[in-house]
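Quick note on numbering: the sequence shown equals residues 9 to 235 in the numbering used here. A virtual CB, placed ideally from N, CA and C, is assigned to each residue, including glycine. All values derive from a computational prediction rather than experimental measurement.
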Amino acid sequence: MKAFFDNVRVALFGNSIPQSAVAAIELIVKTCKDRGVTQLEQIAYVLATVFHEVGEGMVPTGENLNYSAQGLANNWPGRYAVDPKAKVKVPNALAKKLAHKPQAIANNCYCNRMGNGNEASGEGWKFRGRDFCQTTGKDNYRRAGTAVGVDLVAHPERIAELPIAVNTLVVGMRDGWFTTRKLSHFITTKSCDFTSARAIINGSDKAAKVASYAADFLKALRLLKQL
């Protein structure tokens, strides 16, 4: 893959690719092939998604839940703002109580949702967002574990291991786990819409930027004689 890496090194990595990114890219390309995602445009979009979500190191990360009271009100106004409909969100008493307590925030915010137990169960924290696309909730960990053959309910921390994180991402984007939208909804042998494909992960947020990354990865992938 020398030609590929020589190309993306200049286009995306500022002339220096971290070894962690090399390992992630090689594994993503292999996993895509193993999981039936063989169209170059689809592989390019998977790579672009990882590059955007976690940065140049392309290392799986955990969700940052160290929110201030204002951050809680802004991000979850229905739960943490005095008036959720107000233009300027004012933190309520609960937001002030939880501020800068990541574990308590996770247990409150994610309780009784996505298969998690109540706040006291601690499952909000146990199944907090991890991996490349912040898989969250017991039900989603269970689904990912079934797909990769690992009991992620018993061992949730393993979802951040590179092979598991890569498999979760590839299968999730292929099958529409994250928003119900799939790679095949936007990228086929007949058409390719990198911009709209952002809906697979996160609506239209930073769609143009991710599309530009995908175009760069695609250009490099086309230099390969075979995957």
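Review point. By a C-beta neighbour count over all protein chains shown, 10 Å radius and 16 as the cutoff for buried, is asparagine 72 buried or exposed?
Key: As a first step, residue 72 is located in the sequence shown; it is residue number 64 there, counting from the start. Only exposed fits asparagine 72, as fewer than 16 other CB atoms lie within 10 angstroms of its CB.
**Study point:** Segment contact flag, the region 209-223 with the region 49-63, C-beta cutoff 8 Å, min 3 pairs
**Key:** Result yes; three or more Cβ-Cβ pairs closer than 8 Å.
Practice item. Taking the CB atoms as reference points, tell me whether valine 161 and threonine 176 lie closer together than 8 Å. Key: What you label residue 161 is simply residue 153 of the sequence shown in a count that begins at 1. What you label residue 176 is simply residue 168 of the sequence shown in a count that begins at 1. Their beta carbons are not under 8 Å apart, which means valine 161 does not touch threonine 176 by this criterion.
Check your understanding: Alpha carbon to alpha carbon, what distance is there between leucine 226 and lysine 190?
Key -> Residue numbering aside, residue 190 sits at position 182 when the sequence shown is read from its first letter. Residue numbering aside, residue 226 sits at position 218 when the sequence shown is read from its first letter. C-alpha separation (whole angstroms): 18 Å.
Point to revise | Close-in-space but distant-in-sequence residues of the same chain around alanine 19 (CB under 6 Å, 5 per side omitted) | key: Translated into the one-based positions of the sequence shown, residue 19 becomes position 11. Hits under 6 Å: Asp224.
Check your understanding: Terminal residues of the continuous alpha helix (DSSP H) containing histidine 163?
Key -> Taking the sequence shown and counting its residues from 1, one reaches residue 163 at position 155. Run containing histidine 163: none; DSSP gives neither H nor E here.
Exercise for review: Starting from the Cα of leucine 80, find the closest Cα among Asp183, Pro110 and Pro68 and give me that residue.
Suggested key: On the sequence shown, position 72 is the one that residue 80 refers to. Among Asp183, Pro110 and Pro68, the Cα nearest to that of leucine 80 is on Pro110.
Check your understanding: Taking the alpha-carbon positions, what's the asparagine 126 to alanine 89 distance?
Key -> Here residue 126 refers to the residue found at position 118 of the sequence shown. Here residue 89 refers to the residue found at position 81 of the sequence shown. Each residue's alpha carbon lies about 21 Å from the other.
Check your understanding: Taking DSSP as the reference, what is the three-state secondary structure of threonine 143?
Key -> For the purposes of this step, residue 143 is taken as residue 135 along the sequence shown, with counting starting at 1. DSSP places threonine 143 within a strand segment (E or B) once states are collapsed to three.
Exercise for review: Under 8 Å by Cβ, that's how I've got phenylalanine 26 and glycine 65 pegged, so tell me the actual separation to the nearest angstrom.
Suggested key: To locate residue 26, count along the sequence shown from 1; it is residue 18. To locate residue 65, count along the sequence shown from 1; it is residue 57. The sequence shown places proline at residue 26, not phenylalanine. Confirmed, about 5 Å.
Check your understanding: Which residue's Cα is closest to the Cα of glycine 44: Thr197, Val179 and Ile195?
Key -> Stepping through the sequence shown from its first residue, residue 44 is reached at position 36. For glycine 44, the nearest C-alpha among the options comes from Val179.
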